[in-house]
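Numbering (the numbering used here), first residue to last: 1290 to 1381. Glycine residues also receive a C-beta, built at the ideal position from the N, C-alpha and C atoms. Accompanying notes for the structure given below.
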């Protein structure tokens, strides 16, 4: 069974409710906010979106004691915050 992401589900579920929407999923698995920031212009802004959603894997969150990942540094989290604020500013 293929996992359906929010973009696929939205395209399928909204038209029957007479909500017209065109979705472009520019997501790239395992990308973090820095990767997305590099791709923002070509993958999002050049398409002149009315509405944009951003979703990142839990890799941007601090690890828990059960996680096999090393703890994410404060510097990395600060860069995530800077990137997310950049997205909001540019898309306003």
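For residue i, is the classification buried or exposed, using 16 other Cβ atoms within 10 angstroms of its Cβ as the cut-off for buried?
i	result
residue 1329	buried
residue 1331	exposed
residue 1337	exposed
residue 1322	buried
May I ask which residues mark the beginning and end of the alpha helix (DSSP H) holding residue i?
i	result
residue 1301	1295–1302
residue 1336	Note, residue 1336: premise wrong, no alpha helix (DSSP H); not H, not E.
Beta-carbon within less than 7 Å of residue i's beta-carbon, same chain only, minus the 5 sequence neighbours each way: which residues are those?
i	result
residue 1299	1310, 1312
residue 1296	1312, 1314
residue 1341	1333, 1380
Looking only at its own chain, which residues have a Cβ that is under 8 Å from the Cβ of residue i, when we skip the five neighbours before and after it?
i	result
residue 1324	1317
residue 1326	1372, 1375, 1376
residue 1379	1329, 1334
Among residues of its own chain, excluding the 5 on either side of residue i, which ones have a beta-carbon nearer than 6 Å to its beta-carbon?
i	result
residue 1303	1310
Examine chain B for any beta-carbon lying closer than 7 Å to the beta-carbon of residue i, and answer yes or no.
i	result
residue 1316	Absent from the structure is chain B; it holds one protein chain and no more.
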